[in-house]
Amino acid sequence: MNPNRSESVAIVGGGPAGLMAAEVACAAGLQVDVFDTMGSVGRKFLLAGKGGLNLTHSEPFAQFVMRYSARHAEVEHWLQSFDAAALRAWARGFGVETFVGSSGRVFPRDLKAAPLLRGWVRRLRESGVRFHVHHRCIGWHNSGALRFSSADSERLVAADAVILAMGGGSWPELGSDGAWQTWLSEMSVDIAPLQPSNCGFELDWSEHFSSRHAGHPLKAVRISLIDQLGEHHSQLGEFVITAKGVEGSLIYALSAPLRDTITAQGKVEIRLDLTPDRDLERLHRDLARPRGGRSLATHLRRTIGIEGVKAGLLYEVVPKADFNDPHNLAAWIKSLPLVLQRPRPIAEAISSSGGVKFAALDKNLMLRARPGIFCAGEMIDWEAPTGGYLLTACFASGRVAGLGAVDWLSRQTEV
794 MNPNRSESVA
804 IVGGGPAGLM
814 AAEVACAAGL
824 QVDVFDTMGS
834 VGRKFLLAGK
844 GGLNLTHSEP
854 FAQFVMRYSA
864 RHAEVEHWLQ
874 SFDAAALRAW
884 ARGFGVETFV
894 GSSGRVFPRD
904 LKAAPLLRGW
914 VRRLRESGVR
924 FHVHHRCIGW
934 HNSGALRFSS
944 ADSERLVAAD
954 AVILAMGGGS
964 WPELGSDGAW
974 QTWLSEMSVD
984 IAPLQPSNCG
994 FELDWSEHFS
1004 SRHAGHPLKA
1014 VRISLIDQLG
1024 EHHSQLGEFV
1034 ITAKGVEGSL
1044 IYALSAPLRD
1054 TITAQGKVEI
1064 RLDLTPDRDL
1074 ERLHRDLARP
1084 RGGRSLATHL
1094 RRTIGIEGVK
1104 AGLLYEVVPK
1114 ADFNDPHNLA
1124 AWIKSLPLVL
1134 QRPRPIAEAI
1144 SSSGGVKFAA
1154 LDKNLMLRAR
1164 PGIFCAGEMI
1174 DWEAPTGGYL
1184 LTACFASGRV
1194 AGLGAVDWLS
1204 RQTEV
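Residues in the sequence shown are numbered from 794 upward in steps of one, following my numbering.
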């Protein structure tokens, strides 16, 4: 591209999608301005790295793209030019080496997000990108300029192209509050309602169980469920008991079918296998061993390793009479029912689903109804489990939108 071009791009949102869009637009010779509601960019990115930044995942591409479920075909288009390997190579350009953990997840060697973000913002500034913080976008002025509330005044910003990367509805205190839905809907943009994703769920524990076991992890369990479409889901992992329900990696991995089934049916029943390493026949045989003078709690602990929160769940759900019947008790342990009532609020979720529908966007993520306006990141209608998939798609979508803006402006200049 001609480095002397004068076209400008306004990018609203300073998360990974917005910053990646800024990088490619600036590299093409465009003047780039990034606006963010918060006092600095990348706040949610920093939060994601608080416990060790899970940047991406190492699994094969074909398996990787299927993590995006119903939207895998659309997201695959983004990832074809910027996949997990490209993201790791990009991070290496900042001196950030990565490693693959035991679960296949990819992390920076220092497990921190701040060094990568600092290096990135510094390079963008040195390349000419201008940053404007404490600027909350509130839509468009009749003149076509973007409207921002800044301090005690309103600011109008005119740009040749606009890239919206304002996030979904989770963690609103970090800027992604979904307020853009109102003014984009007024522009006749088709939007799917935002819903919590990678979230916890509520159920009705007894006070006794909740007070004793809230905060305790359930390790090495399998969750099975049949969703509202009749599809069977089964996954091994661990999760955490909360005062009002359940949360954690295994729950997050199944949050989409759990949420959608609750929406359709009002609730969802899951089945827990508390001993996935023992089949029903072996479990029955172990439980039927004479226990002599030992208590039932000691018998469960010594024969099948069930104690603590797992034992608490049995006492919470299983009828007293069935504790004395090894056959019935074994059946409960292999398929313990829990009824989830509702997802936790979207503000608590790791991410959100819903947003600008793909039908409202072209392949370059430009709004069909508003040429020159592009979308990227979580404000588009897709979702993914944790494990690096969310960040990878945000980076990749930002690149698609940035290159799309460059291409669109080039064609306007030619005309």
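Just so you know, even glycine gets a beta-carbon here, dropped at the ideal spot from N, CA and C. The model shown is predicted, which means the values in this text are computed figures rather than measured ones.
**Report entry** Boundaries of the alpha helix (DSSP H) in which Trp933 is found, first to last residue
**Finding:** As a first step, residue 933 must be located in the sequence shown, where it is residue number 140. First-last for Trp933: His928 to Trp933, but that is the beta strand (DSSP E), not the alpha helix (DSSP H).
Query raised in the report: Of the residues Val825, Arg1078, Leu967 and Gly1086, which one's Cα is nearest the Cα of Val1199?
Result: By 1-based counting over the sequence shown, the position of residue 1199 is 406. Checking every option, the nearest Cα to that of Val1199 belongs to Val825.
Query raised in the report: By the 10 Å Cβ neighbour count, where 16 or more other Cβ atoms means buried, how is Thr1068 classified, buried or exposed?
Result: In the sequence shown, counting from the first residue as 1, residue 1068 sits at position 275. Burial state of Thr1068 is buried, judged by a 10 Å Cβ sphere holding 16 or more other Cβ atoms.
Report task. Spell out the partners DSSP gives Ser1027 in its beta bridges. Result -> One-based indexing of the sequence shown puts residue 1027 at position 234. Beta-bridge pairing links Ser1027 to Ser1017.
Query raised in the report: So which of Ala877, Leu977 and Glu867 has the shortest CA-CA distance to Glu852?
Result: Here residue 852 refers to the residue found at position 59 when the sequence shown is read from its first residue. Among Ala877, Leu977 and Glu867, the Cα nearest to that of Glu852 belongs to Ala877.
Report task. Would you mind sorting Gly806 into buried or exposed? The rule is 16 or more other CB atoms within 10 Å of its CB. Result -> Here residue 806 is taken as the residue at index 13 of the sequence shown, counted from 1. Under this definition Gly806 is a buried residue.
Query raised in the report: Relative to the alpha-carbon of Met859, which residue among Leu1183, Ala820, Ala1153 and His1009 has its alpha-carbon at the smallest distance?
Result: Sequence index remark: in the sequence shown, residue 859 carries index 66 (1-based). Minimum Cα distance to Met859 is reached at Leu1183.
**Report entry** Burial state of Asn795, where buried means 16 or more other Cβ atoms lie within 10 Å
**Finding:** For this step, residue 795 is matched to residue 2 along the sequence shown. Since pLDDT at Asn795 reaches only 41, below the 50 mark, its modelled position is unreliable, and the value read off the structure follows with that caveat. With fewer than 16 Cβ atoms within 10 Å of its Cβ, Asn795 is classed as exposed.
Requested in this report: Buried or exposed for Leu1202, please, with buried defined as at least 16 other CB atoms from any protein chain shown within 10 angstroms of its CB.
Outcome: Indexing the sequence shown from 1 puts residue 1202 at position 409. Buried is the call here.
Query raised in the report: In whole angstroms, what is the alpha-carbon distance linking Pro1050 and Gly962?
Result: Counting from 1 along the sequence shown, the entry for residue 1050 is found at position 257. Counting from 1 along the sequence shown, the entry for residue 962 is found at position 169. Per the coordinates, the alpha-carbon of Pro1050 lies some 19 Å from the alpha-carbon of Gly962.
Query raised in the report: Which term fits Phe1167, buried or exposed, when burial requires 16 or more other beta carbons within 10 angstroms of its beta carbon?
Result: Residue mapping note: residue 1167 aligns to position 374 of the sequence shown, counting from 1. With 16 or more other Cβ atoms inside 10 Å of its own Cβ, Phe1167 counts as buried.
Report task. Can you give me the start and stop residues for the beta strand (DSSP E) that Thr891 sits inside? Result -> Position 98 of the sequence shown, counting from 1, holds the residue named residue 891. Run containing Thr891: Thr891 to Val893, per the beta strand (DSSP E) assignment.
Query raised in the report: Looking only at its own chain, which residues have a Cβ that is under 6 Å from the Cβ of Leu957, when we skip the five neighbours before and after it?
Result: Taking the first residue of the sequence shown as position 1, residue 957 is located at position 164. Sequence-distant Cβ neighbours of Leu957 in its own chain, meaning closer than 6 Å and more than five residues away, are Val805 and Cys1168.
Query raised in the report: What does a CB cutoff of less than 7 Å around Phe900 pick up in its chain, not counting 5 residues either side in sequence?
Result: Mapped onto the sequence shown, residue 900 falls at position 107. Taken in chain order, the residues that qualify are Gly845, Leu846, Asn847, Leu848, Thr891, Phe892 and Gly894.
Query raised in the report: Would a C-beta distance cut-off of 8 Å place Ser1128 and Asp1066 closer than the cut-off?
Result: By one-based count along the sequence shown, residue 1128 stands at place 335. By one-based count along the sequence shown, residue 1066 stands at place 273. Yes, they are a contact pair.
Requested in this report: Please name the residue, chosen from Phe1002, Asp1020 and Asp1072, that lies closest to Val1039 on a Cα-to-Cα basis.
Outcome: Working through the sequence shown from its first residue, we reach residue 1039 at position 246. The shortest Cα separation from Val1039 among Phe1002, Asp1020 and Asp1072 belongs to Phe1002.
Query raised in the report: Would you call the CB atoms of Cys992 and Ala1142 closer than 8 Å?
Result: Residue 992 sits at position 199 when you count from the first residue of the sequence shown. Residue 1142 sits at position 349 when you count from the first residue of the sequence shown. Yes, they are a contact pair.
Requested in this report: Give the DSSP bridge partners of Gly1038, in chain order.
Outcome: Numbered from 1 along the sequence shown, position 245 holds the residue referred to as residue 1038. Bridge pairing for Gly1038: Glu995 [DSSP].
**Report entry** C-alpha distance - Ala820 paired with Ser920, whole-angstrom precision
**Finding:** One-based indexing of the sequence shown puts residue 820 at position 27. One-based indexing of the sequence shown puts residue 920 at position 127. Computed Cα separation, rounded: 8 Å.
**Report entry** Close beta carbons around Gln1021, own chain, < 7 Å, minus the five adjacent residues each side
**Finding:** Sequence index remark: in the sequence shown, residue 1021 carries index 228 (1-based). Here the set comprises Asp1053, Thr1054, Ala1057 and Gln1058.
Report task. Determine the burial state of Lys843: buried for a count of at least 16 other Cβ atoms within 10 Å of its Cβ, exposed for fewer. Result -> By 1-based counting over the sequence shown, the position of residue 843 is 50. Within 10 angstroms of the beta-carbon of Lys843 lie fewer than 16 other beta-carbons, which makes it exposed.
Requested in this report: Closer than 6 Å by C-beta to Gly1197: which residues in its own chain qualify, once you throw out the five before and the five after it? Chain order, please.
Outcome: As a position in the sequence shown, residue 1197 is number 404, starting the count at 1. Here Gly1197 has Asn1157, Leu1158, Met1159 and Phe1167 as same chain residues with Cβ atoms under 6 Å from its own Cβ, once five neighbours each way along the sequence are excluded.
Query raised in the report: Taking DSSP as the reference, what is the three-state secondary structure of Met813?
Result: Start at 1 with the first residue of the sequence shown, and residue 813 comes out as number 20. Helix, per DSSP.
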